[in-house]
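J.: Going by our numbering, the first residue of the sequence shown is number 1441, and it counts up by one from there. Just so you know, even glycine gets a beta-carbon here, dropped at the ideal spot from N, CA and C.
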Amino acid sequence: MRNKQDSLWRVLKADTLNIKELKKICIDGCSDTPGIRSLCWKYLLDYLPSDRSKLEERLARHRREYTSYVRDFVVETGDTKSLDHPLSCEPNGDWINFFNDNEVLVQINKDCRRLCPDFDFFHRATEFPSNTLFGDDLYVGILRRRIEASYLQSQAVQPNLIGVTNMVHMSVYDPFQPSHSLASGLVEPPVTPPPRDKAWYDSNKAATPLGAEQHWEVIERILYVYYKTHAAQGYVQGMNEVIAPIYYVFATDPDEQWRRYAEADTFYCFNNLMTEIHTNFIRKLDNGQFPGIGGQIRLFMDFLSCFDKALFTHLSGIGLAPEHYAFRWLSLLLAREFRLPDVIHIWDTLFADERRFAMLPFVACAMLMIREI
């Protein structure tokens, strides 16, 4: 382990980084020495330049750009001076876009709240809330207030037996979910949430002190900015699971400067990763020209048929389609199938693989063959 650590530092500190040598060392896993994995992933995800003389300029440019994205897109609910009339039927009007954005934001909020329920890191307060990074005008809680406003918009009118109209509060989302099973799909069936009274909401709001911001809220902001900067793709459930390990690795770096800018660095590394796997989230591109998740599943089944014919025949005989289990495994890079520390070690290898994710169907196949998942 000491030899690997020394080898990694030697490669990482070179004036010109040798990416092939870095991948060769990391293919069996990065060193767990604090700070090494964070730096390795930034290179493996093509965020940092191989020429060290260009490093500071690249980081400064990306971080300025991300700050401008946050200022452009993370707006307060009440800031409507530039919006058109709220009753306008213009399909691309400001109000229509605003309400559509709120719907997406509510979904992102729901998904980020339930990240890694057995791992409390994402519900701890970050050292660097939004106002310390982007200025006091972007105070902590801007997106939080938009979510709270969405509750007020989710009122339903319901007449009672004597004709009196009651305003019934309809929950927009439930921030909790049962423990997910290995075989469940990416998109889970809706669950009717239990009724929540005012005391419940007040207690949940109190869990985040005034001026504090939890790590899942940082991820929420990153995903919202990603959604706004990728209009053609938008946000798809499951992206929250893919971004979480990247943010965790960067936000726990022992170097304070790297931690301070973990949000911006995560945005760009996630963006680069999604460039490679975005077809996993776009079903209409799932064809011969754009091999998406369907192609991955077919390859997975071919491997299973080759390596364990008896198991393949059994699963086919009972009608258990691979979409019911392998879909999530492959589309989310196994992010929900293992505890976060184990996912991180698996991703060391996936990121370092010269063919990137070509080994993923093999890993999924092995998960079934060893019969211990």
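#1: With DSSP as the reference, please indicate the residues paired to Gln-1654 in a beta bridge.
#2: Apply the 10 Å Cβ neighbour rule to Lys-1453 and answer buried if 16 or more other Cβ atoms are within range, or exposed otherwise.
#3: Please identify the residue among Ala-1589, Asp-1446, Asp-1512, His-1754 whose C-alpha is closest to the C-alpha of Glu-1543.
#4: Are Trp-1481 and Val-1665 close, meaning C-beta to C-beta below 7 Å?
#5: Within a Cβ cutoff of 6 Å, which residues of the same chain sit near Tyr-1687, ignoring the five residues on either side of it in sequence?
#6: Given a threshold of 16 other Cβ atoms within 10 Å of its Cβ, counted over all protein chains shown, does Ala-1798 qualify as buried or as exposed?
#7: Which of the three DSSP states is assigned to Thr-1507 in this structure?
#8: If I measure Cβ to Cβ from Leu-1751 and keep anything under 8 Å in the same chain, skipping five residues before and after, which residues do I get?
#9: Considering only DSSP beta bridges, list what Thr-1456 is partnered with.
#10: Can you tell me which of the three DSSP states Ala-1761 falls into?
#11: Report yes if the C-beta distance between Phe-1710 and Ile-1683 is below 7 Å; otherwise report no.
#12: Kindly indicate if chain B contains any beta-carbon less than 7 Å away from that of Asp-1560.
#13: Classify Cys-1746 as buried or exposed, calling it buried when 16 or more other Cβ atoms lie within 10 Å of its own Cβ.
#14: Residues in its own chain within less than 8 Å of Leu-1790 by CB, not counting five upstream and five downstream?
#15: Where do the ends of the alpha helix (DSSP H) carrying Arg-1795 lie?
#16: In terms of residue numbering, what span does the alpha helix (DSSP H) encompassing Asp-1890 cover?
#17: How is the alpha helix (DSSP H) around Cys-1470 delimited, first residue to last?
#18: Got a sec? Which residues, its chain only, sit under 6 Å from Glu-1461 by beta carbon, not counting five neighbours each side?
#19: Please report the distance separating the alpha-carbon of His-1609 from that of Arg-1585.
#20: Taking Leu-1663 as the reference, give the member of Phe-1513, Asn-1458, Ile-1786, Arg-1501 with the closest Cα.
#21: Going by other Cβ atoms of all chains shown within 10 Å of its Cβ, with 16 needed for buried, is Trp-1640 buried or exposed?
#22: For the alpha helix (DSSP H) that Thr-1692 lies in, which residues bound it at each end?
#23: By the three-class DSSP mapping on this structure, what secondary structure does Gln-1736 have?
#24: Determine the burial state of His-1889: buried for a count of at least 16 other Cβ atoms within 10 Å of its Cβ, exposed for fewer.
#25: With C-beta atoms as the reference, is Asn-1712 less than 7 Å away from Asp-1486?
#26: How long is the line joining the alpha carbons of Asn-1571 and Ala-1761, rounded to whole angstroms?
#27: Report the three-state DSSP secondary structure of Cys-1480 (helix, strand or coil).
#28: DSSP three-state call for Cys-1556: helix, strand or coil?
#29: Can you tell me the Cα-Cα spacing of Leu-1479 and Asn-1540, whole angstroms?
#30: What span of residues does the alpha helix (DSSP H) with Ala-1766 cover, start to end?
T.: Answer, in terms of the structure:
#1: Ala-1565
#2: exposed
#3: Ala-1589
#4: no
#5: Ile-1659, Thr-1706
#6: exposed
#7: helix
#8: Leu-1744, Leu-1808, Met-1809
#9: Asp-1491
#10: coil
#11: yes
#12: In the structure shown, chain B does not exist; there is a single protein chain.
#13: exposed
#14: Leu-1773, Arg-1796, Phe-1797, Met-1799, Leu-1800
#15: Arg-1795 -> no alpha helix (DSSP H), and no H or E assigned at all.
#16: Limits of the chain in this structure are 1441 at one end and 1813 at the other, which puts residue 1890 out of reach.
#17: Neither: Cys-1470 is in no alpha helix (DSSP H) and is coded neither H nor E.
#18: Val-1451
#19: Summary for His-1609: the model assigns pLDDT 37, below 50, so the residue's position carries little reliability, and this model does not support an answer.
#20: Phe-1513
#21: Only weak support exists for where Trp-1640 lies, its pLDDT of 39 falling under 50; the coordinates are left without a value.
#22: First-last for Thr-1692: undefined, no H or E at that position.
#23: helix
#24: Residue 1889 lies beyond the range of the chain shown here (1441 to 1813); nothing can be said about it.
#25: yes
#26: 48 Å
#27: helix
#28: coil
#29: 37 Å
#30: 1766-1771
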